[in-house]
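Below is one structure, written out as structure tokens; the observations come after it.
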Amino acid sequence: MTLDYLTTVVLLGTSLLGGVAGVVGAFAVLRRRALVGDVLAHAALPGLCLAFLFLGAMQFAGLLAGALLSGLAGLGVISLLCRGTRTKEDAALGIVLSTFFGVGIVLLSVVQQRATGAQAGLTSYIFGQAGLMVRHDVYLIAAVSAAALTAVTLLYKELKLLSFDPDFARAQGWPTLPLDFGLMGVLALVTVIGLPAVGVVLMAAMLILPGATARFWTDRLGRLLPLAGLVGAGSAAAATLISAGALEAWIGSDRLAAGGATANLPTGPLIVLCGTAVLLFSVLFSPRRGLIAAAARAARFRWRTGLENLLSSMYELSEPRPAAAPEVPLGAIFQRRAWQPWQARLLLWWASRRGLIEQRDGAARLTEHGAECAARVVRAHRLWEAFLVRGVDIAPDHVHRDADAIEHVLPPEIVEHLEAELAGTPQAPGRPKE
Amino acid sequence: MTAPPLEIHDMTVAYHRKPVLWDIDLTVPEGKLVGIVGPNGAGKSTLLKAVLGLIPVASGRVTFYGEPYARQRRRVGYVPQRESVDWDFPVTVSDVVMMGTYGQLGWLRRPGAKQRATARRCLEQVGMPELADRQIRQLSGGQQQRVFLARALAQDARIYFMDEPFSGVDAATEAAILGLLQTLRERGRTVLVVHHDLLTVRHYFDHVILLNMRLIAAGPTEATFTDENLQKTYGGRLTVLDEAAEAVRRGEFER
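Those protein sequences? They're chains A and B, same order as listed. Following the numbering used here, the numbering of the first sequence begins with 1 at its first residue and continues without gaps. Following the numbering used here, the numbering of the second sequence begins with 1001 at its first residue and continues without gaps.
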């Protein structure tokens, strides 16, 4: 598919916007100020309308200046509310956001009554209309992006310190207040230039989603910021293409009902949806922080614990002569643990496959390798019990469950240490008899 | 004679107009380990934050080596309370330690090979060089505390302020911190430590500052850390001070 000129302009504009909003917004997320962008966007509406009333025409730069001023005024009111009264910050954010937005809507209807024909463009600021973007808008977005990215790059070290530990930064002599204001100012600027395309209501998502997404993939700020930028730009670009009908061109329009089903869907909401899709993917599939990886880790641990419990149960049942590896009836093993039959069968099957046990009709015996593993677990268990009783003065009938939990995770050096420490005391458990 | 590392003259600190420290006069001598001791709510951390300019001082004067803090920042190192930051922040151990060098680096300059070497050296001093590339979330509480100490070492200061470095750390970290404090003293540094464990005060510190909303006593541990002074610090809290502070706050609201 080839892109026509208008689509190319919009694509450039939204991608740039998504990228810069992602980078600047990531700092807001890390600084725990994620909602500030939302307040800025909503609080910009009255300024937008006032600028329109006074300037009389759709003068882009003037409108943006009005939006910027009223957004920052909103932040100022929050700060006054928090310091001057006992209002808490979350309440202050909510109050300012809704009040300013309410005033904005009222002013909007005033503007509409003075119909000049141009106010239609103003309403589009609420939900955004990326399709109206022209070449000049893209220049403005590019200029703001360049300035914002340069500032973030140059002040990377300072912003990193400010975001991580503002008190330390201040003690070291950095002007944290001006830096903070600067960061908020850049955030406000990016928010305001995004309003025509994405709208007051959804702008926050462009600021928050990419940073939150990137956090799932990296533990380094130096990688998180570019990644947030890429995610933001990518979501915006994908949304613009979908809205321009690229999906039809790709899938073949006849497959979608009534052809052109996605063309002319609004770009702003699509950007948010694309961003949310990437976030959802990250929440599920991120290798270290993802839900699936976490569930897999938990399952692996439970599995290992089950296996070790099986081995240690067999070991205990074959005492006092575990080294001879006598056969143990399966019934006796199951009795020691509250296992479901299918769990037990699965564990037995796996243990045989790994060569830890040998099974023969209704009974099983530990192999040499299995006996070694079992001895290690049993030793950790008994040492821990002895330690709790003698070292920590816990009643002997209380220690079994604690030891059962810790026997699977006690590192070898602690086991050695416990052994050395308990060696001198009477009835030291020592190594299980070989 | 050169000016002392820290001199506080008639300092009063207030939170929301409610005074929490009254009329503190204090001179800290060079090259000593100084413990700041007092009950909860006595204003120990407040004292630290006030002299470092992190919270405003209602009245009084603070000087470092005879000059205001703004002119002596390079000579001052700070270890905040461990709980004061988000340990899930996306930085590595060596990133955090390098932050200590930012003050000397100044605006715009990025940390380079020299700063990385400093970070490595400081991490070695706190006994965890192998953890340099770890994300800070993966550290134990004691290791986090040692990262903060390493960052302060990277500041290469002459006077250090540490807010409860011994709080909630394991025995190995406690020993490491103590060893470090002694090394700093050998190098002629002055260290002020907010401390809460009365049993170890005598063993750890040369000097002690006893605090409970006002200065109870300050001086060499032997002469100052006495039963009588402890009684004054911990026993019979001056309810009048509490009530007066409360009255100041109320008056402010009713006005």
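Beta carbons: idealized from backbone N, C-alpha and C, even for Gly.
At which residue ranges does the stretch 42-127 of chain A contain complete alpha helix (DSSP H) runs of 4 or more residues, listed in the order of the chain? Taken in chain order, the unbroken stretches of alpha helix (DSSP H) that lie wholly in the stretch 42-127 of chain A and span 4 residues or more are 60-84, 89-113, 119-127.
Thinking C-beta only, is V377(A) closer than 7 Å to I208(A)? With a cutoff of 7 Å on beta-carbon distance, I208(A) and V377(A) are scored as not near each other.
In the DSSP assignment, what residue or residues form a beta bridge with N264(A)? N264(A) is not bridged to any residue.
Closest Cβ-Cβ distance between L1131(B) and chain A: below 7 Å? Interface residue (Cβ-Cβ distance to chain A less than 7 Å): L1131(B) is not classified as such.
Beta strand (DSSP E) runs contained entirely in the stretch 323-388 of chain A, provided each spans 3 or more residues: At a cut-off of 3 residues, the continuous stretches assigned as beta strand (DSSP E) that sit fully inside the stretch 323-388 of chain A are 357-360, 363-366.
Is the CB-CB distance between G229(A) and G22(A) below 7 Å? Yes, the pair counts as a contact, with Cβ atoms nearer than the cut-off.
Reference E1007(B), options Y1160(B), L1054(B), E1067(B), A1244(B), closest by Cα: Comparing Cα-Cα distances from E1007(B) to each of Y1160(B), L1054(B), E1067(B), A1244(B), the minimum goes to E1067(B).
How about L221(A): is its C-beta nearer than 7 Å to some C-beta of chain B? Yes - at least one Cβ of chain B is within 7 Å of the one on L221(A).
Inter-residue spacing [alpha-carbon to alpha-carbon] between S124(A) and A148(A): Whole-angstrom Cα-Cα distance: 25 Å.
The beta strand (DSSP E) with L1215(B) in it runs from where to where? Per DSSP, L1215(B) belongs to the beta strand (DSSP E) from 1214-1220.
Along the chain, where does the alpha helix (DSSP H) containing D1227(B) start, and where does it finish? Here the alpha helix (DSSP H) through D1227(B) covers 1227-1234.
CB contact flag (V186(A), V24(A), <7 Å): Yes. Within cutoff.
Using a C-beta cutoff of 7 Å, does Q1104(B) count as contacting chain A? No Cβ of chain A is located within less than 7 Å of the beta carbon of Q1104(B).
For Y1065(B), three-class secondary structure by DSSP: Coil, per DSSP.
Residues bridged to H1195(B) (per DSSP): DSSP lists V1037(B) as the bridge partner or partners of H1195(B).
Interface residues of chain A around L1108(B) at Cβ under 9 Å? What L1108(B) touches in chain A: L154, L155, K157, E158.
Give the C-beta separation of I1209(B) and N1229(B) to the nearest angstrom, bearing in mind that I take them to be a contact with Cβ-Cβ under 8 Å. The pair is not a contact, with the Cβ atoms about 11 Å apart (cut-off 8 Å).
Terminal residues of the beta strand (DSSP E) in which K1018(B) lies: For K1018(B), the enclosing beta strand (DSSP E) stretches over residues 1018-1028.
Closer than 8 Å by beta-carbon distance: list the chain B residues that pair up with A212(A), in chain order. Simply none; closest approach about 12 Å.
DSSP three-state label for F164(A), please. Under the three-state reduction of DSSP, F164(A) is assigned to helix.
Tell me whether the stretch 1024-1035 of chain B and the stretch 1191-1205 of chain B touch, counting them as touching only if at least three CB pairs, one residue from each stretch, are closer than 8 Å. Three or more Cβ pairs drawn from the stretch 1024-1035 of chain B and the stretch 1191-1205 of chain B lie within less than 8 Å of each other, which places the two stretches in contact.
Distance, Cα to Cα, P341(A) vs W384(A)? Taking the straight line joining both Cα atoms gives about 30 Å.
Strand pairing of A1014(B), partner residues [DSSP]: The partner list for A1014(B) (beta bridge, DSSP) reads P1019(B).
Cβ of R1017(B) less than 7 Å from any chain A Cβ? With its beta carbon at least 7 Å from every one in chain A, R1017(B) lies outside the interface.
Contacting residues, own chain, Cβ-Cβ under 8 Å from V138(A) (five flanking each side not counted): Here the set comprises V9, L12, G13, L16.
Contact under 7 Å by Cβ, L1149(B) with V1079(B): For the 7 Å CB-CB criterion, L1149(B) and V1079(B) form a contact.
Along chain A, which residues have their Cβ under 9 Å away from the Cβ of Y1078(B)? Within 9 Å Cβ-Cβ: D167, F168, A171, Q172.
Given that R215(A) touches chain B, what residues does it touch there, using C-beta distances under 8 Å? For R215(A), the chain B residues whose C-beta falls within less than 8 Å of its own C-beta are P1090, listed in chain order.
Return the bridge partner residues of Y1078(B) from the DSSP annotation. DSSP, once it has assigned bridges, lists F1161(B) as partnering Y1078(B).
Contact set between the stretch 5-34 of chain A and chain B, restricted to residues whose Cβ is under 9 Å from the partner: Contacts with chain B (Cβ-Cβ distance below 9 Å) from the stretch 5-34 of chain A involve L30, R32, listed in chain order.
Report the three-state DSSP secondary structure of I414(A) (helix, strand or coil). The answer is helix: DSSP assigns I414(A) an H, G or I state.
Going by other Cβ atoms of all chains shown within 10 Å of its Cβ, with 16 needed for buried, is I292(A) buried or exposed? Exposed, by the Cβ-count rule.
For N309(A), is the classification buried or exposed, using 16 other Cβ atoms within 10 angstroms of its Cβ as the cut-off for buried? Result: buried.
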